[in-house]
Structures are given as C-alpha cells and as structure tokens.
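> The structure is given below, and queries will be raised subsequently.
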Amino acid sequence: MRIKKALLVSFNGTSNAGGVERVAYYLDTYFQSRNIPTKIITEDFLLNHTLFGRLLPFLFRFRHFQKRRPIYLSRYASAYLWWARRPNQMVVTQGESSAYYPVDAMIQHGSYHEMELAYGRKETSLSRYGKLQQKACESARLVLAVSEKVKADTIRWYHTAPEKIKVLANCVDTNIFYPHPRSASGERTLLFVGRPVKEKGLPMLQQIAKAMEKQEGWRLLVVTNQPLDKDYFEGSTKTTVVAGLTIDNICREAYAKADLLIIPSIFEGFEMVTLEALAAGIPVIGTPVGAVKALSDMGFPGAYQLPDLPPDSPALLQHFDSLLDSFHASITPGELHELVKEQFGVEAYFRKLDQLLLKQTDSI
Numbered sequence: 033m034r035i036k037k038a039l040l041v042s043f044n045g046t047s048n049a050g051g052v053e054r055v056a057y058y059l060d061t062y063f064q065s066r067n068i069p070t071k072i073i074t075e076d077f078l079l080n081h082t083l084f085g086r087l088l089p090f091l092f093r094f095r096h097f098q099k100r101r102p103i104y105l106s107r108y109a110s111a112y113l114w115w116a117r118r119p120n121q122m123v124v125t126q127g128e129s130s131a132y133y134p135v136d137a138m139i140q141h142g143s144y145h146e147m148e149l150a151y152g153r154k155e156t157s158l159s160r161y162g163k164l165q166q167k168a169c170e171s172a173r174l175v176l177a178v179s180e181k182v183k184a185d186t187i188r189w190y191h192t193a194p195e196k197i198k199v200l201a202n203c204v205d206t207n208i209f210y211p212h213p214r215s216a217s218g219e220r221t222l223l224f225v226g227r228p229v230k231e232k233g234l235p236m237l238q239q240i241a242k243a244m245e246k247q248e249g250w251r252l253l254v255v256t257n258q259p260l261d262k263d264y265f266e267g268s269t270k271t272t273v274v275a276g277l278t279i280d281n282i283c284r285e286a287y288a289k290a291d292l293l294i295i296p297s298i299f300e301g302f303e304m305v306t307l308e309a310l311a312a313g314i315p316v317i318g319t320p321v322g323a324v325k326a327l328s329d330m331g332f333p334g335a336y337q338l339p340d341l342p343p344d345s346p347a348l349l350q351h352f353d354s355l356l357d358s359f360h361a362s363i364t365p366g367e368l369h370e371l372v373k374e375q376f377g378v379e380a381y382f383r384k385l386d387q388l389l390l391k392q393t394d395s396i
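Sequential numbering from 33 applies to the sequence shown in my numbering.
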C-alpha cells in the first residue's frame, strides 16, 4: 500500500514548545520529508471548522460535559476520522485523542493511570481518563510507547497486547541543542527547566536552594515558560528564575550556563529536557522516572539517578561535585553530543519511523 496522505491528531497542534506538540512537529516534518502530505487535526479545527464541532463549546458550558471534556473531544475526533476516512491514508494520534477510531499508530507518552498513582491516587481501578486511554490502546493498530517502562505500564494496567506495542523514544534536534563555549566561574550552576509545581519536584528544589545558602560553590537556575505567580524561592540569594525562553535561545541562555540539570519529578514519560541537556553536553541527574531512569539503566553517559540523601543536606551538593568531576574525566561535551545525535537525533528518529510506520509500504 502506498500512503498518499497522513492525518496527525494533535489537539494543541505542532510547535517547538511543549513535548507533545514537538513530537507532532517532528512527525509532520517526517512525513513531508518522505513526500507524504499531512493534515493536522487540532482542537481549534474540530471546534471551529467542522459542522457539528461548533456545538461542543455550548455543551462545555455545562458541568457534566466540562468535567469530561477530553472524553467528548476524543469521541468527536474519532467521529470526524470515520467521516474523513479514505483509502491509502495513515492516521497517527497523540495519546487518547481519538480513542474510538482504529488509528494506524498512537503515540503513548505515558500511562495516565500510573501517573495518577504516582500523584497519590489510592484506587487501583481506572479513572474515566484511564479508561479512555485504555480504549485508545485497544483501538489502535500500533502503540508507540516512548520507553520500555511506558510499554510495561500499558501492558500492566490496560492489558494491551504486547505484540502491538513498540518502543520509540523521543528525539532531540542536535542542530539546535549542542555544546556552547563556557566562561570560567568560581561557582557551579544547577539547572531546572519546567513548571515549578509539586509534581515536577518543587519542594525538593526549594530545599536544595536552602542548602546552597549554607555552602559555597553552587547556584540554582530555574527556567520556566511563564513568569512565576509567587516567589517560591523567597530569601534565596543564590537562585535565579528566568521565564520566557524558547527553543531558539534556551540552549544558549540556560544549558550553556549550567553544569548539571536536575529533574526531581514525581512522574515523567520520556522528558525531552533530558535529551536537550545531554545534547548540549550537560549531564542530568533526577528521580528514577522517565528518560533519566531509562538512560541511566542502560548506562548512557551523563544520566544519573539522585542518591538517597536529604535534599537540604550539604552532602547532596558534595555528591554533585564528585559526580561532575567523574563525568568530565570520562567524556567531553562534544563526545556526549555525538552519542546523543547517533541514538536520539532527528535523523535516527526518522529511520526508526521508517521501520515502524512505512516498513510494509511502497512510500519510500
């Protein structure tokens, strides 16, 4: 079968910003590089440019429908795909965006149920959104899990057939993320990139910031997508918060100024910031979740798991120093960049997509 067109379901569209949107961007670029036209199915398109979609905003005014908004959007997206179904057309969706249509491939960024458990859910039974994701995995012809852990969680909680799940880790554009010249400094910088919320490890960051006040040699750089609504690091003289960086300048303004990236998240699928830092030649340390766990388990250089030490203890900062000394003695930033490019660069990602999506077609 020769694929003539690809439909990409991504409610927030494609961009170089958020992780899911960036995956959709890479998929769009991939299909176009293989001379396959694409159409992006966004939430805006469904609600404002389809006949019955214009009714949904009216329904969402009611509490019942608003609470179940993702479910109704998924149902409507599925109905649209059934209507738009054509021969030789491939459909790829982000997560459970169209759970009631047999998409050709579904990108599974993480188990929703596993995330809920990590965030404190007590019930082992699936929530309504967990059931929606289970339905999406059941309907999809192929599930592309971003890590072996996500694959295992999907099999465990959703009973998805193992043979229909393949692992496809996220990628990084190594033309954008690469080592920059560093200026000598008497202090080392610990970098955090993300939303300063409990789920992303804000309490640990606050304790580390306090430890830095009592010990020389370290600073904390916090990079967020939007200005903070409150001062989470009040009283800290060694913490700098920067907001509004984009993919075009974050490497130069954040990674190039850091010595070590920290990811203290409670849950992750396969976070892109880890790949970005490694591509920039910066080692990463974090809780045993997401890409940090996946890469450290495989012995990938520069990926480390946090030790069992109190976050406000000087011993943790001493551990960071020891880790960095060992890291720089074993590999250069340029060598690390090349390893990331070889295994997780965009071209490597495209070659994997060739095997997973187009292997049995005449499209290439």
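We put the CB at the ideal spot given by N, CA and C, even for glycine.
What distance in whole Å lies between the Cβ atoms of Cys283 and Ile208, which are believed to be in contact at a cut-off of 8 Å?
The residue given as residue 208 occupies position 176 in the sequence shown. The residue given as residue 283 occupies position 251 in the sequence shown. With 8 Å as the limit, Ile208 and Cys283 qualify as a contact, their Cβ atoms being about 6 Å apart.
> Using the C-alpha atoms, what's the distance from Glu219 back to Pro343?
Position 311 of the sequence shown holds residue 343. Position 187 of the sequence shown holds residue 219. When rounded, the distance between both Cα atoms is 19 Å.
> Are the segment 271 to 282 and the segment 297 to 304 in contact at 8 Å, needing three or more beta carbon pairs?
No, they do not touch.
> Is it buried or exposed, Glu146, if we count other Cβ atoms within 10 angstroms and call 16 or more buried?
Numbered from 1 along the sequence shown, position 114 holds the residue referred to as residue 146. Result: buried.
> Nearest by alpha-carbon distance to Glu308: which of Ala347, Lys325, Val372 and Lys246 is it?
Stepping through the sequence shown from its first residue, residue 308 is reached at position 276. Checked all of Ala347, Lys325, Val372 and Lys246; the closest Cα to Glu308 is Val372.
> On the three-state DSSP scale, how would you describe Ile139?
Against the sequence shown, residue 139 aligns to sequence position 107. Note: Ile139 maps to strand in three-state DSSP.
> Please report the straight-line C-alpha distance between Lys270 and Lys242, rounded to a whole angstrom.
Taking the sequence shown and counting its residues from 1, one reaches residue 270 at position 238. Taking the sequence shown and counting its residues from 1, one reaches residue 242 at position 210. Going by the C-alpha atoms only, they are around 9 Å apart.
> Count the other CB atoms, across all protein chains shown, that sit within 10 Å of the CB of Met330; report buried if there are 16 or more and exposed otherwise.
If you number the sequence shown from 1, residue 330 lands on position 298. By the 10 Å Cβ count, Met330 comes out exposed.
> Tell me the residue span of the alpha helix (DSSP H) that contains Gln165.
Position 133 of the sequence shown, counted from the start, is the residue given in the question as residue 165. Where Gln165 is concerned, the enclosing alpha helix (DSSP H) stretches over Arg160 to Ser171.
> What are the boundary residues of the alpha helix (DSSP H) that includes Pro97?
What you label residue 97 is simply residue 65 of the sequence shown in a count that begins at 1. For the sequence presented, residue 97 should be read as Phe rather than Pro. Segment Arg95 to Lys99, the alpha helix (DSSP H) holding Phe97.
> Take Tyr287 as the anchor and find which of Ile197, Val255 and Ser110 has the nearest alpha-carbon.
Counting from 1 along the sequence shown, the entry for residue 287 is found at position 255. Tyr287 has its Cα closest to that of Val255, out of Ile197, Val255 and Ser110.
> Using the Cβ count rule (16 or more neighbours within 10 Å means buried), how would you classify Thr306?
Locating residue 306 in the sequence shown gives position 274, where the first residue counts as 1. It counts as buried.
> Taking Tyr133 and Ser110 to be in contact with their CB atoms under 8 Å, please state how far apart those CB atoms are, rounded to whole angstroms.
Here the question's residue 133 lines up with position 101 in the sequence shown. Here the question's residue 110 lines up with position 78 in the sequence shown. About 4 Å; that satisfies the 8 Å criterion.
> Report the residue from Gly318, Glu155, Trp189 and Leu176 whose alpha carbon sits nearest the alpha carbon of Leu234.
In the sequence shown, counting from the first residue as 1, residue 234 sits at position 202. Ranking the options by Cα distance to Leu234, first place goes to Gly318.
> Under 8 Å between the Cβ atoms of Gln238 and Ala177?
Here the question's residue 238 lines up with position 206 in the sequence shown. Here the question's residue 177 lines up with position 145 in the sequence shown. No; because the gap between Cβ atoms is not below 8 Å, this pair is not in contact.
> Whole angstroms is fine: what's the gap from Leu349's alpha carbon to Asp291's?
For the purposes of this step, residue 349 is taken as the residue at position 317 of the sequence shown. For the purposes of this step, residue 291 is taken as the residue at position 259 of the sequence shown. Going from the Cα of Leu349 to the Cα of Asp291 covers about 12 Å.
> Just to confirm, are Val225 and Leu164 a CB contact at a threshold of 8 Å?
Within the sequence shown, residue 225 is the residue found at index 193, counting from 1. Within the sequence shown, residue 164 is the residue found at index 132, counting from 1. No.
> Need the endpoints of the alpha helix (DSSP H) that Met147 sits in, please.
Taking the first residue of the sequence shown as 1, we reach residue 147 at position 115. Tyr144 to Ala150 is the span of the alpha helix (DSSP H), which, as asked, contains Met147.
> Let's see if you can read the secondary structure: which residues bound the beta strand (DSSP E) around Tyr336?
The sequence position of residue 336 within the sequence shown is 304, counting from 1. Ala335 to Gln337 is the span of the beta strand (DSSP E), which, as asked, contains Tyr336.
> Which same chain residues end up closer than 6 Å to Lys167 when comparing Cβ atoms and leaving out the 5 residues on each side of it in sequence?
Within the sequence shown, the letter at position 135 stands for residue 167. Answer for Lys167: Ala131, listed in chain order.
> In the DSSP output, what is Lys37 paired with across the bridge?
As a position in the sequence shown, residue 37 is number 5, starting the count at 1. Looking at the DSSP assignment, Lys37 forms a beta bridge with Gln121.
> Evaluate Ser179 with the Cβ neighbour count: other Cβ atoms within 10 Å of its Cβ, from every protein chain shown; 16 or more gives buried, anything less gives exposed.
Here the question's residue 179 lines up with position 147 in the sequence shown. So Ser179 counts as buried.
> Name the DSSP bridge partner or partners of Thr256?
Taking the sequence shown and counting its residues from 1, the one referred to as residue 256 is at position 224. Ala275.
> Alpha carbon to alpha carbon, how far is Lys37 from Gln258? Give it in angstroms, no decimals.
Along the sequence shown, one-based indexing puts residue 258 at 226. Along the sequence shown, one-based indexing puts residue 37 at 5. Distance between the alpha carbons of Gln258 and Lys37 is about 36 Å.
> Strictly by DSSP, which residues pair up with Gln126?
Start at 1 with the first residue of the sequence shown, and residue 126 comes out as number 94. Ile139.
> Measuring CA to CA, which of Pro333, Ile295 and Glu248 is closest to Ala347?
As a working note, residue 347 is residue 315 in the sequence shown. It is Glu248.
> Can you check whether the CB of Val204 is closer than 8 Å to the CB of Ala275?
Locating residue 275 in the sequence shown gives position 243, where the first residue counts as 1. Locating residue 204 in the sequence shown gives position 172, where the first residue counts as 1. Cβ atoms of Ala275 and Val204: not closer than 8 Å.
> Report yes or no: do the segment 111 to 125 and the segment 187 to 201 share at least 3 C-beta pairs separated by less than 8 Å?
The answer is no - the segment 187 to 201 does not touch the segment 111 to 125, with fewer than three Cβ pairs under 8 Å.
> For the putative contact between Leu39 and Val123, defined by C-beta atoms under 8 Å, what is the C-beta separation to the nearest angstrom?
Translated into positions along the sequence shown, residue 39 becomes position 7. Translated into positions along the sequence shown, residue 123 becomes position 91. At roughly 5 Å, the Cβ-Cβ gap stays under 8 Å, so Leu39 and Val123 are in contact.
> Near Thr82, which residues of its chain fall below 7 Å by C-beta distance, leaving aside the five closest residues on each side in sequence?
Taking the sequence shown and counting its residues from 1, the one referred to as residue 82 is at position 50. Here the set comprises Tyr112.
> What's the C-alpha gap between Ser215 and Tyr161?
The sequence position of residue 215 within the sequence shown is 183, counting from 1. The sequence position of residue 161 within the sequence shown is 129, counting from 1. Each residue's Cα considered, the two are about 48 Å apart.
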